[in-house]
DNA sequence: TATGAATGAGATTTCATTCAT
DNA sequence: CATGAATGAAATCTCATTCAT
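This is the structure we're talking about:
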């Protein structure tokens, strides 16, 4: 999947012309925002942790909120990115790709993503409810597009007879709940518990598969 | 279930000797905290919405954080309450109570609860990550106790052969994800979408039942 | 002229419910704004001179600009006030009131006013060019109304044959220039020179009278 | 009047070795200072409008105040310039030059000057009250010298019997008020009103002439 | 009990100025 | 000469909390 790298690179191409200091600011902001929340974090705290003068923050980000957005926007973009890889459907929906393999791929992919970008994701989740513009952007640019893509996939598996004939929104909700429930529990709520990741992934997959299995009717 | 009323009353018994003003303060705080978050809310804003003087808040709550706790504590208590109703197990686990009926009862109950206490729950969810004491309390007093109770229930249904032999933590996680996923989608994320509540509840129940069904192995 | 007092009182009636501190803030602000200009004055400077905490300023005036407006608005009002005294025209334009007496009355009145409210007037003059809203208000509420009143007066004196038949705007401009030129020179530009006020007033009056005299044509 | 050109050239001789950027800076500074005042203008604003980097301003002007002075000093010089043209008195006070013609010449000259250098003049007027050094310089180098020159002229016209025997300061004040009152009204206060310039100039001249006429006593 | 003026610590933001490139 | 990132001091403004009434 070389395309994936391209897209991620594109999302970050601005990071290229960032100063060292600016990168430090961004890093510090991500860390502290995710720990204390946006409103609970002061710019002086960020400046101190980043090792820059407070004024430097405002040379790069007009306001504190700008700084928040410059963290959240790429996080949203990266969240969508994998869905827009060229040949995405072609590969995933090939006859040889079972729903089970698809789920496994998705869960593992999202787990890695979550592990890597934990703080940014925490910020995204925590702050979206408090910022109307973000909420709007999120629904419009992320939710809707993600939904469209997933609908196609659900349709395909339903046609292939691997998934019960539920309306796509309901099917997606149930699948997403199960996956996110796992990821959130694993990384956000109880990261320090000792998880057998592989086993839990399998359990989650089997739960979804059986929950949506066509065979359930036959039994 | 007259006991339920008793417990709720107990949780609120202090509300009895609350002055009108104090009640107004609490109401206003709940509303604004849930909209803007604790750190994003100023006490003067609360005072204005409550129609009291700024100083009055501090007559009743030593600090702003006190006010937050006075909202979150009862919310946590109420969250646990139904599990501690006398005869809880007796009733729920009677031979005549199938897993399906149990799930239906729980979902409907939690839905009503969520609808009624939406703002308080939002505050609970949003603020817990930022306040170590709360996190500690929540895990100790709520999570653990809830888990204990649920474990008993899971054990029972597994013994009755209505649920696959998953370790209880995993089973509980999967059930909870599905239910909370529904409730959060329904009330927090897309409250204004038009939901067919009854139908979605049934879909969620069937999803969980099949996902955890013993029969799955036979198929 | 008891009405005059009433109007002034009205303009200040809010000063009644001002705290001591608020009055101090206003006084300090007037003084420093007039010395250093609005932009050149810091709120901390004002607070220090007023003997209050800086926060106190913002309890009474939402912004620094608010504080400026709370100085300028009444200054504009007071500037207009004398023109709106009941019976103003009746008295001034009575047959027994010559243009000369009218001019003398106006100059002396405005001199006293200028002497008394020097700093506020300086602020008004200095800041109006920099604040579009003020400029708008000033033209709409002050200039236009003042002009209307003065036009009536000019018309009357022209009808009485005491003033040449110039278009009122031009006549008013010439009279105003002469009077303001005197007042500005006297109080703003060279307050420390030794002026023989009475003599200069007379010279100014005679200058205007002859400048606008009907008899000039006869000579 | 070739001398006039010489003097102006002298005043600007530094502009010759100005870089393009420096000229842009000066232009931008004049424009913004006159709109928002010195204190209300930031150097970064000037840099942006001038299309240069922030640092560039400080290559050419050690401080922001330096930049202000580099605008105000030549403006003051130019204000005085016409008075120091060689043969100034000779020409103006020739027997063939009546007071009326003199006034007409002065008014028209100052009008053209005002029209051309409006922003610089605004800055001069606005900033002088706030900068003690400027005030000192202005009185010493400009006011006094201008006064001396004008006194000579007034004396001459009084001797010629074209002007009433007022003390020169008073005469100059009255003349200056009338002229400046017109110019300020015309260009600073109501530039967008439709003025019949020629007519208003004549009215102003006649007003002054009659106001200071010797014949007034005869009437 | 309730008020709301007052506080001062601290938050966000601005800005003139410096300096390495 | 020119740049623009960086600075840090200071400016504006916010806010939880106190206290006299």
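Chains as they are written, first to last, in the numbering used here: chain A, 4 to 222; chain B, 4 to 222; chain C, 4 to 222; chain D, 4 to 222. Note that CB positions come from ideal geometry on N, CA and C, so glycine has one too.
What's the C-alpha gap between residue i and residue j?
i                      : j                      : result
residue 158 of chain C : residue 171 of chain C : 7 Å
residue 156 of chain A : residue 146 of chain B : 36 Å
residue 161 of chain C : residue 127 of chain D : 38 Å
residue 67 of chain D  : residue 38 of chain C  : 20 Å
residue 190 of chain C : residue 70 of chain B  : 58 Å
residue 124 of chain B : residue 24 of chain B  : 23 Å
residue 58 of chain B  : residue 28 of chain B  : 11 Å
residue 2 of chain C   : residue 112 of chain D : With chain C represented from 4 up to 222, any question about residue 2 of chain C goes unanswered, as that position is not in the structure.
residue 231 of chain A : residue 135 of chain A : The displayed coordinates of chain A run from 4 to 222. Any statement about residue 231 of chain A would go beyond what the structure contains.
residue 62 of chain D  : residue 52 of chain B  : 54 Å
residue 133 of chain D : residue 179 of chain D : 23 Å
residue 77 of chain D  : residue 22 of chain D  : 18 Å
residue 137 of chain B : residue 48 of chain B  : 24 Å
residue 72 of chain B  : residue 45 of chain B  : 16 Å
residue 120 of chain D : residue 26 of chain A  : 48 Å
residue 54 of chain A  : residue 140 of chain D : 47 Å
residue 110 of chain C : residue 82 of chain D  : 30 Å
residue 166 of chain C : residue 212 of chain C : 8 Å
residue 35 of chain B  : residue 192 of chain A : 25 Å
residue 256 of chain A : residue 177 of chain B : In the structure displayed, chain A extends from 4 to 222; residue 256 of chain A sits before or after that span and is not available.
residue 79 of chain C  : residue 100 of chain C : 27 Å
residue 60 of chain A  : residue 43 of chain D  : 23 Å
residue 175 of chain A : residue 201 of chain A : 23 Å
So what does DSSP say about residue i, is it helix, strand or coil?
i                      : result
residue 49 of chain B  : helix
residue 212 of chain C : helix
residue 72 of chain D  : helix
residue 84 of chain B  : helix
residue 190 of chain D : helix
residue 26 of chain A  : helix
residue 56 of chain C  : coil
residue 200 of chain A : helix
residue 43 of chain D  : coil
residue 21 of chain A  : coil
residue 66 of chain B  : coil
residue 217 of chain D : coil
residue 195 of chain D : coil
residue 12 of chain B  : Bear in mind that a pLDDT of 43 at residue 12 of chain B, under 50, signals an unreliable position, so the number given afterwards is only what the model happens to contain. If DSSP states are grouped into helix, strand and coil, residue 12 of chain B belongs with the helices.
Answer with buried or exposed for residue i, where buried requires no fewer than 16 other C-beta atoms within 10 angstroms of its C-beta.
i                      : result
residue 4 of chain B   : Low per-residue confidence applies at residue 4 of chain B: pLDDT is 35, beneath 50, and the placement is therefore not dependable, though the value from the model is reported in the following sentence. It is exposed - the Cβ of residue 4 of chain B has fewer than 16 other Cβ atoms within 10 Å.
residue 194 of chain C : exposed
residue 1 of chain B   : Residue 1 of chain B is absent from the structure shown; chain B starts at 4 and stops at 222.
residue 50 of chain D  : buried
residue 207 of chain C : buried
residue 148 of chain D : exposed
residue 130 of chain B : buried
residue 203 of chain B : buried
residue 216 of chain B : buried
residue 31 of chain C  : buried
residue 164 of chain A : exposed
Continuous alpha helix (DSSP H) assignments of at least 4 residues falling wholly in the segment 99–171 of chain C:
102–130, 135–140, 147–162
Notebook entry, point to check: Got a sec: which bits of the segment 23–47 of chain B sit with their beta carbon under 7 Å from any beta carbon on chain A, in order along the chain?
Noted result: 39, 40, 42, 43
inquiry  = Output needed in chain order: residues of the segment 110–127 of chain C with a Cβ under 8 Å from some Cβ in chain D.
reply    = 125
### Message
At a CB distance below 8 Å, what residues from the segment 162–188 of chain B approach chain A? Give them in sequence order.
### Response
169, 173, 176, 177, 179, 180, 181, 183, 184, 185, 188
Counting only Cβ-Cβ distances shorter than 9 Å, please list the residues of the segment 204–220 of chain C near chain D, keeping chain order. 206, 207, 209, 210, 211, 212, 213, 214, 215, 216, 218, 219
Point to revise | Residues within the segment 131–144 of chain A neighbouring chain B, beta-carbon criterion of under 8 Å | key: Those residues of the segment 131–144 of chain A that come within reach of chain B (Cβ to Cβ, closer than 8 Å) are 132, 133.
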